[in-house]
Amino acid sequence: MRFEKEKREACKLAKALLSSNDDYLDNVVNLFYIGNEIHQDSWQTEFHIFNVIETETDHLPLKRVRELCSNDFLKKSDLELARIIKNYSKQVEIACKDILSKYGNA
Numbered sequence: 165m166r167f168e169k170e171k172r173e174a175c176k177l178a179k180a181l182l183s184s185n186d187d188y189l190d191n192v193v194n195l196f197y198i199g200n201e202i203h204q205d206s207w208q209t210e211f212h213i214f215n216v217i218e219t220e221t222d223h224l225p226l227k228r229v230r231e232l233c234s235n236d237f238l239k240k241s242d243l244e245l246a247r248i249i250k251n252y253s254k255q256v257e258i259a260c261k262d263i264l265s266k267y268g269n270a
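Throughout the sequence shown, residue numbering follows the numbering used here, covering 165 to 270 in sequence.
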């Protein structure tokens, strides 16, 4: 089966997003990359919302670079991310459930 590893990782990340907003941005970005790997172009697929969020947040720091950012920048970034999480929560939930339904047996 093609992309078994990626599909398992997508399910792991989807479960993480459904249960918590911890590492939200990193999980979304990873799902963006996995979706593009599986579909080559994941717009209009179960990964679509992660493309949208990645595009809107590409200027926000991922976990690995946060320690290099100023406190002021982190405060602004966290406020913006909180808004993104709130605005897209239902769409992310639906996408995560679709991923789990489609790839849960991968």
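Note that beta-carbon positions come from the ideal geometry of N, C-alpha and C, so glycine has one too.
Inset, instruction - Measure how close the beta-carbons of W207 and N194 come, nearest whole angstrom, since I'm counting them as under 8 Å. - result: At roughly 17 Å, the Cβ-Cβ gap does not stay under 8 Å, so W207 and N194 are not in contact.
Legend entry - Coarse secondary structure for H203, derived from DSSP in three states: helix
Legend entry - Sequence-distant residues of its chain with Cβ nearer than 6 Å to R228 (five each side left out): none
Inset, instruction - Compare the beta carbon distance of C260 and L189 with 7 Å and say whether it is the shorter of the two. - result: no
Inset, instruction - Return the first residue and the last residue of the alpha helix (DSSP H) that L182 is part of. - result: 168-183
Legend entry - Straight-line Cα distance separating L264 from A178: 7 Å
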